[in-house]
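Numbering (UniProt numbering), first residue to last: 1 to 80.
Set out below in structure tokens:
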């Protein structure tokens, strides 16, 4: 009798902003979406959509936020 092992199906991880993203943004010197957007190189509406959870932050957005703020990934984002 042969047994087969079930192969693991990879699960895609989703990056989302932390609930206190805006507080972290302010603590790192950005008071408005427009200020952060200018530093990251995206449209202010993109920042708003990411904060509201309407879109998942892109790799470019995540790296731009971390570069602009000098913050840590854990300060702004979480993986689910």
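The beta-carbon is built from N, C-alpha and C at its ideal position, and this holds for glycine as well. Bear in mind the structure is a predicted one, so any value in this text is a computation, not a measurement.
Anticipated Cβ contact below 8 Å, residue i with residue j, distance rounded
i          : j          : result
residue 37 : residue 47 : 5 Å
residue 53 : residue 24 : Their Cβ separation, rounded to whole angstroms, is 16 Å, which puts residue 53 and residue 24 out of contact at 8 Å.
Rounded C-alpha distance that separates residue i from residue j
i          : j          : result
residue 18 : residue 9  : 27 Å
residue 27 : residue 40 : 16 Å
residue 78 : residue 35 : 22 Å
residue 45 : residue 55 : 11 Å
residue 12 : residue 80 : 9 Å
residue 65 : residue 21 : 11 Å
residue 31 : residue 59 : 22 Å
Under the three-state DSSP convention, the category residue i falls into
i          : result
residue 32 : coil
residue 46 : helix
residue 16 : strand
residue 56 : coil
residue 3  : For residue 3, the predicted structure reports a pLDDT of 49, less than 50, and the residue's modelled location is therefore unreliable. A value from the coordinates is still provided. In the structure shown, residue 3 sits in coil (DSSP, three-state: anything other than H, G, I, E or B).
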